[in-house]
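Residue numbers (our numbering): 4 to 253.
Worksheet: one structure, shown below.
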């Protein structure tokens with residue numbers, strides 16, 4: 004049977020011409036904050052589905068900032084288009100909920116892999132029995148920058164789900180027992196599609212809430228969460244420079 008898709012992402016005359024780097028930003032607040040640092044460059048903004056793409060040359064290489072987005076299927080649609088438009092090194096920036104002791108609100112988490120509990124990965128040869136893995140190039144560049152800048156972070160596995168309102172105690176305990184530190188909604192699909200399309204995809208997350216006690220503890224308004232997001236936003240230009248090989252501090 005022919006496994007080629009009938010509908011494929013493509014460029015049109017209206018599509019922006021991207022450089023190799025793209026940052027996919029889950030939330031509206033983080034997207035706006037990153038774009039706000041590029042005065043005068045919002046003229047280089049393009050619609051993409053229900054999101055926006057803003058192009059900048061200020062990160063040491065031509066970079067696309069893309070967002071907001073939520074959930075694996077929608078994030079994959081955006082990623083497929085970015086790849087078709089030229090992106091080859093993609094960093095995802097999102098939020099997550101802690102499910103393991105020792106992980107708390109405001110912590111920065113660098114995923115080493117993501118358990119597949121979402122549906123999009125299954126269409127790209129994803130295997131729910133093993134974690135989807137980030138590209139080593141993006142993972143290592145992100146870890147190097149955080150380490151060099153003295154930014155505290157944790158690294159480990161995460162659990163990616165489609166159903167934020169079905170994070171049951173049984174699932175939390177089950178994925179924690181498999182080694183997951185946190186739960187979120189996009190990483191496993193982005194890693195799987197990156198491998199399928201042979202492009203480099205990694206992620207960096209900030210812990211916004213906690214489920215490790217099997218009761219929900221939101222931290223979206225806490226200063227330590229806001230500080231974690233600010234630290235990541237400050238690091239993103241440096242990570243992009245490292246990915247582009249234009250970081251003269253290396």
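We treat Cβ as the ideally placed atom computed from N, Cα and C, and that holds for glycine.
- prompt: Pairing CB atoms from the segment 54-61 with CB atoms from the segment 101-109, are three or more of them under 8 Å?
  reply: no
- request: Please report how far the alpha carbon of residue 192 lies from the alpha carbon of residue 128, in whole angstroms.
  value: 11 Å
- prompt: Among residues of its own chain, excluding the 5 on either side of residue 164, which ones have a beta-carbon nearer than 7 Å to its beta-carbon?
  reply: 120, 121, 170, 186 and 188
Which of helix, strand or coil DSSP assigns to residue 41: coil
message: Tell me the rounded alpha-carbon separation between residue 174 and residue 183.
response: 11 Å
query: Nearest-angstrom Cα distance between residue 151 and residue 243?
result: 15 Å
As assigned by DSSP and simplified to three states, the class of residue 224: coil
task: Express the C-alpha separation of residue 245 and residue 235 in angstroms, rounding to a whole number.
output: 15 Å
- request: Closer than 6 Å by C-beta to residue 74: which residues in its own chain qualify, once you throw out the five before and the five after it? Chain order, please.
  value: 188
message: Could you tell me the alpha carbon to alpha carbon distance between residue 219 and residue 109, rounded to whole angstroms?
response: 15 Å
- prompt: Straight-line CA distance for residue 153 to residue 241?
  reply: 13 Å
- prompt: Which full runs of the beta strand (DSSP E) of 3+ residues lie inside the segment 107-170, going along the chain?
  reply: 111-120 and 157-164
field: Cβ neighbour criterion (16 or more within 10 Å) applied to residue 91
entry: buried
task: Look at the Cβ atom of residue 194, then the Cβ atom of residue 206, and state whether they are nearer than 9 Å.
output: yes
task: Indicate the three-state DSSP secondary structure (helix, strand or coil) for residue 283 in the structure shown.
output: No information on residue 283 is available, as it lies outside the stretch 4 to 253 that the chain covers here.
Where residue 216 falls, given that 16 or more other Cβ within 10 Å makes a residue buried: exposed
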